[in-house]
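To keep things clear, I will list the structure first and then write my remarks on it.
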Amino acid sequence: LKILVLNGPNLNMLGRREPDKYGTRTLKDIMQSLTQSAVNLNVELSHFQSNSEAELIEHIHAQYERVDCIIFNPAAFTHTSIALRDALLSVSIPFYEVHLSNVYAREPFRHKSYFSDVAQGVICGLGALGYEAALMAAVAKLRKQDN
Ligand code: DQA
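Here the sequence shown stands for residues 5 to 151, where the numbers follow full-length UniProt numbering.
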């Protein structure tokens with residue numbers, strides 16, 4: 005199985021960025037733990053972070069028939085980007101939406117997502133564990149489809 009983890013804008017600042025909301029772990033640290041979990045699950049994990057909507061879109065297009073699933077934290081683009089939603093639909097790759105913080109306990113503008121209704125699942129408020137939960141859910145679902 006091949007799974008891509010995609011992280012959107014400002015997530016490269018994790019560790020320094022509003023630690024009360026996003027925790028003190030860096031993105032590198034979170035992705036290292038996730039990579040170890042993927043190894044244990046016998047899954048090939050790749051990771052890409054960008055602050056640019058265009059780069060994220062192009063990276064999604066490049067995954068066509070290359071990965072089985074995407075774990076995506078679109079960050080602020082969650083609340084704004086029809087283009088990223090359309091990019092995911094254009095490659096027909098199932099994806100899980102992950103947010104570190106509980107977006108529903110925050111400002112009303114974070115309550116709207118352009119992804120949730122087309123995601124396999126949505127995880128928020130679990131911190132970095134959300135990525136691990138998404139990985140476990142993705143693998144369980146994909147392996148059942150293999151039978
Ligand atoms: C976030 C929540 C978004 O509202 C915010 O813009 C982010 C991070 C999260 O992981 O909690 O950048 O996606």
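By construction, the Cβ of each residue, glycine as well, lies at the ideal position given by its N, Cα and C atoms.
If you're wondering where the values come from, they're calculated on a predicted model, not measured in any experiment.
On the CB-based measure, 16 or more other CB atoms within 10 Å of its CB, does residue i come out buried or exposed?
| i | result |
| --- | --- |
| H51 | buried |
| residue 152 | Within the shown structure, residues of the chain are numbered from 5 to 151, placing residue 152 beyond reach of any answer. |
| T82 | buried |
| Y117 | Residue identity check: residue 117 is Ser in the sequence provided, not Tyr. So S117 ends up on the buried side. |
| V97 | This sequence places Ile at residue 97; Val is not what is there. Buried: at least 16 other Cβ atoms inside 10 Å. |
| N151 | Because N151 sits at a pLDDT of 48, beneath the cut-off of 50, its placement in the model cannot be relied upon, and the following sentence gives the value as read from the coordinates. Label assigned to N151: exposed. |
| P23 | exposed |
| S94 | exposed |
| N46 | exposed |
| Y108 | exposed |
| A144 | exposed |
Hey, residue i and residue j: beta-carbon distance below 8 Å or not?
| i | j | result |
| --- | --- | --- |
| N16 | L38 | no |
| N78 | F113 | First, the amino acid is wrong: residue 78 is Pro here, not Asn. In this structure, F113 does not lie closer than 8 Å to P78 by Cβ. |
| L49 | V9 | yes |
| Y100 | G125 | yes |
| A42 | I64 | no |
| N14 | R20 | no |
| N106 | Q53 | no |
| I127 | A142 | no |
Check the C-beta distance from residue i over to residue j and give it rounded, since I have them as a contact under 8 Å.
| i | j | result |
| --- | --- | --- |
| L104 | E57 | Not really, about 20 Å apart at Cβ, beyond 8 Å. |
| I7 | L139 | 7 Å |
| residue 155 | L146 | Nothing can be reported for residue 155: it is not among the residues displayed for the chain, which extend from 5 to 151. |
Is there a Cβ from chain B that is less than 8 Å from the Cβ of residue i?
| i | result |
| --- | --- |
| R29 | Of the chains in the structure shown, none is chain B; there is only one protein chain. |
Taking the continuous alpha helix (DSSP H) assigned at residue i, which residues delimit it?
| i | result |
| --- | --- |
| V95 | I86 to V95 |
| H65 | E57 to A66 |
How far does the beta strand (DSSP E) with residue i in it extend, from its first residue to its last?
| i | result |
| --- | --- |
| E101 | F99 to H103 |
| N77 | C73 to N77 |
request  = With a floor of 3 residues, list each beta strand (DSSP E) that falls wholly inside the region 119–149, ordered by position along the chain.
outcome  = Runs found: 125–128.
request  = Report the residue ranges of all alpha helix (DSSP H) runs contained in full by the region 11–49; include only those spanning at least 4 residues, in chain order.
outcome  = Within the region 11–49, the complete alpha helix (DSSP H) runs of at least 4 residues are 23–26 and 31–44.
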